[in-house]
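Note sheet for the following structure.
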Amino acid sequence: MILVTGATGKVGREVVRQLAAENIPARALVRDPTRASHLRLPGIEILVGDLAQPETLPAAFGGVERVFLATPAAPDQVELQSNALEAARRAGAQRIVKVSVAGGPDAGTQIGRWHWATEKQIEASGLDFTFLRPTLYMQQMCAYAPSIAATGTFSFPVGAGRIAVVDTRDVAAVGVKALTEDGHHRRIYDLTGPEALSYDDMADAISEAIGKKVAFAHVPPEYAKKQMLADGVPRWLVDDMLVLAASFRDGYGAAVTHTVADVTKQKPRTFRQFARDYAGVFRAGR
Ligand SMILES: NC(=O)c1ccc[n+]([C@@H]2O[C@H](COP(=O)([O-])OP(=O)(O)OC[C@H]3O[C@@H](n4cnc5c(N)ncnc54)[C@H](OP(=O)(O)O)[C@@H]3O)[C@@H](O)[C@H]2O)c1
């Protein structure tokens, strides 16, 4: 049996959908089943549990052999993932496929260091493991949908930096292969889309998809910082976003890998394809 954590999240929901489409039975771990109606799919069992409350986990993890591990990027992520690892170990699971982040030990962000700490714990656990290290998700652009719908603009202090953004459906497809096939143990997969794009390029693709001009506003880091803090973004996340933006500006997000195609035998989606598929979100602003 496969258990998917973060099953309502950007990657987890796609893993659940793809397992259901392939008729592979699985469990989806959710905190609030009333927000999981989209996971009611053939062969999918929805189980309630909270990784912050280890006592809720044995029932969900019982009999599980393989775990897909995704949690939010947050200050308690190391603890949440450690609780999941412990529940998996106690249940006798053999394999864990973890969503990590690009950079590994060299990631300059706090989020990257937290992921690295969990990767080390998993390596020491004795379980078979695969780490997925995606670059920025294309779906992250949906966070700008309210601004795009209201003002036709969005901003982030990345300048002309290019990023090989990846679609979460492709990250999930690699995860499904790692869960269901042999040969992925101890593999670390750096996952990107097929091309490196600037935010101006992405604005053009969204414009084309929604049939309305969308402009990317170039803003300095100080301006972005003030705006994020005014919007209530926690300070640690503001700091991490500025480190990430600076690394993108300096070209660190631009390397393209062929891992999605190598593992799934399918070409990764382009940003134009993503923008067409999510045009409704950018038009509606949510
Ligand atoms: N965003 C990017 O561009 C990007 C790029 C590379 C890597 N990543 C990594 O991808 C991972 C997922 O990020 P995301 O943006 O995809 O997150 P997300 O969509 O917000 O998904 C987070 C998931 O974790 C669940 N969750 C939250 N707290 C939980 C708890 N206490 N117990 C059990 N489940 C809990 C959420 O469920 P609820 O519905 O209950 O809230 C949700 O399903 C992160 O580790 C991040 O570092 C993100």
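For the sequence shown, my numbering puts the final residue at 645, and the numbers step up evenly by one. A virtual CB, placed ideally from N, CA and C, is assigned to each residue, including glycine.
{"query": "For R642, which residues of its own chain have a beta-carbon under 7 Å away from its beta-carbon, when the five flanking residues on both sides are left out?", "result": "A508, I569"}
{"query": "Find out if the Cβ-Cβ distance for the pair A646, R608 is shorter than 8 Å.", "result": "As displayed, the chain neither begins before 360 nor continues past 645, which places residue 646 out of reach and without an answer."}
{"query": "So the candidates are R628, A576, G644, G365; which of them puts its Cα closest to the Cα of R497?", "result": "Checking the sequence shown, residue 497 turns out to be Met, not Arg. When each option's Cα is compared against that of M497, the closest is R628."}
{"query": "Mapping the DSSP letters down to three states, classify I536 as helix, strand or coil.", "result": "One detail in the question is off: residue 536 reads as Lys in this sequence, not Ile. Residue state, collapsed to three classes: helix."}
{"query": "Would you mind reading off the limits of the beta strand (DSSP E) that contains Y548?", "result": "546 to 550"}
{"query": "Go ahead and pull the three-state DSSP assignment for E424.", "result": "coil"}
{"query": "Using C-beta distances below 6 Å, list every residue in its chain close to R390, excluding the 5 sequence neighbours before and after it, in chain order.", "result": "D409"}
{"query": "With DSSP as the reference, label Y647 as helix, strand or coil.", "result": "The structure shown does not extend to residue 647, since the chain spans only 360 to 645, so no value can be given for it."}
{"query": "In terms of residue numbering, what span does the beta strand (DSSP E) encompassing K457 cover?", "result": "454 to 458"}
{"query": "Between A419 and R386, is the Cβ-Cβ spacing less than 8 Å?", "result": "yes"}
{"query": "Provide the residue(s) that pair with S514 in DSSP beta bridges, ordered along the chain.", "result": "A576"}
{"query": "Report the three-state DSSP secondary structure of Q381 (helix, strand or coil).", "result": "Checking the sequence, you will find Glu at residue 381 rather than Gln. Three-state DSSP puts E381 in coil, outside helix and strand."}
{"query": "Buried or exposed: which applies to D526, given that a residue is buried once 16 or more other Cβ atoms fall within 10 Å of its Cβ?", "result": "buried"}
{"query": "Do you know whose CA, among D621, A576, S566, G552, lies nearest V612's CA?", "result": "For the sequence presented, residue 612 should be read as Gly rather than Val. Checked all of D621, A576, S566, G552; the closest Cα to G612 is G552."}
{"query": "Name the DSSP beta bridge partners of D487, please?", "result": "R454"}
{"query": "Taking the beta strand (DSSP E) that L556 belongs to, which residues open and close that run?", "result": "Run containing L556: none; DSSP gives neither H nor E here."}
{"query": "Kindly identify the DSSP beta-bridge partner or partners of R642.", "result": "In DSSP, R642 forms no bridge with anything."}
{"query": "DSSP on R635, reduced to helix/strand/coil?", "result": "helix"}
{"query": "Who pairs with I522 in a beta bridge, going by DSSP?", "result": "L556"}
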